[in-house]
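Residue numbers 177 to 318, in the numbering used here, belong to the letters of the sequence shown in order.
Glycine included, every Cβ here is placed at the ideal spot set by N, Cα and C.
The structure presented is a predicted model; accordingly, all values stated were derived computationally and were not measured.
Below is one structure; the comments refer to it alone.
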Amino acid sequence: MTEYKNPKPTVDALIELGDGKLVFIERAHEPKGLALPGGFVDEGEWVADACVREAKEETGLDVELVELFHVYSNPKRDPRQHTVSTVFIAKATGTPVGGDDAARAIVCTPDELPAKLVFDHATILADYVAYKKTGKRPPPRR
């Protein structure tokens, strides 16, 4: 029998918290660093539901998904394994608190990040900033 090595589906959330600020998490596990809230899609779960669940688990926030932003599938985006991330733009209110895989939650503007982002989240963030300025989505990547 052939064993298929398919990428794992993941989700990431660009959670807008007003005044141009976004929610980031400090990862508690490797690879350590700052990241967008997100994680793996469970079997039988819709990607939108996974995004809402992961945001709640990692930040304590109840988010409203307002837009499907983009899909990121670079085979090297996650050093642990090949993943494909569906990224949503979400809105929330309140004060985020790190939970689950997150050591803490950080709220800041994209240009105030206190440390480097892990995975391909710097690319996602740059695409988001450009989208907010121009209204143009990033093109499909190879």
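Compare the beta carbon distance of Gln257 and Lys184 with 8 Å and say whether it is the shorter of the two.
yes
Around the C-beta of Gly196, are 16 or more other C-beta atoms found within 10 angstroms, so that it is buried, or is it exposed?
exposed
Can you tell me where the alpha helix (DSSP H) holding Leu301 begins and where it ends?
His297 to Thr310
Taking C-alpha atoms, which residue in Pro286, Asp238, Val228 and Val294 lies nearest to Ala306?
Pro286
Per DSSP, what kind of secondary structure is Val223 in: helix, strand or coil?
helix
Same chain, Cβ closer than 6 Å to Tyr304, neighbours up to 5 away in sequence not counted
Leu190
Contacting residues, own chain, Cβ-Cβ under 8 Å from Arg203 (five flanking each side not counted)
Gly209, Leu210, Ala211, Asp277, Ala278, Ala279 and Val294
C-alpha gap between Ser261 and Leu237, whole angstroms
20 Å
Need the endpoints of the beta strand (DSSP E) that Ser261 sits in, please.
Thr259 to Lys267
Where Val239 sits in the DSSP three-state scheme:
coil
Terminal residues of the beta strand (DSSP E) in which Gly196 lies
Run containing Gly196: none; DSSP gives neither H nor E here.
Does DSSP put Pro286 in a helix, a strand or coil?
helix
Under three-state DSSP, which class holds Lys232?
helix
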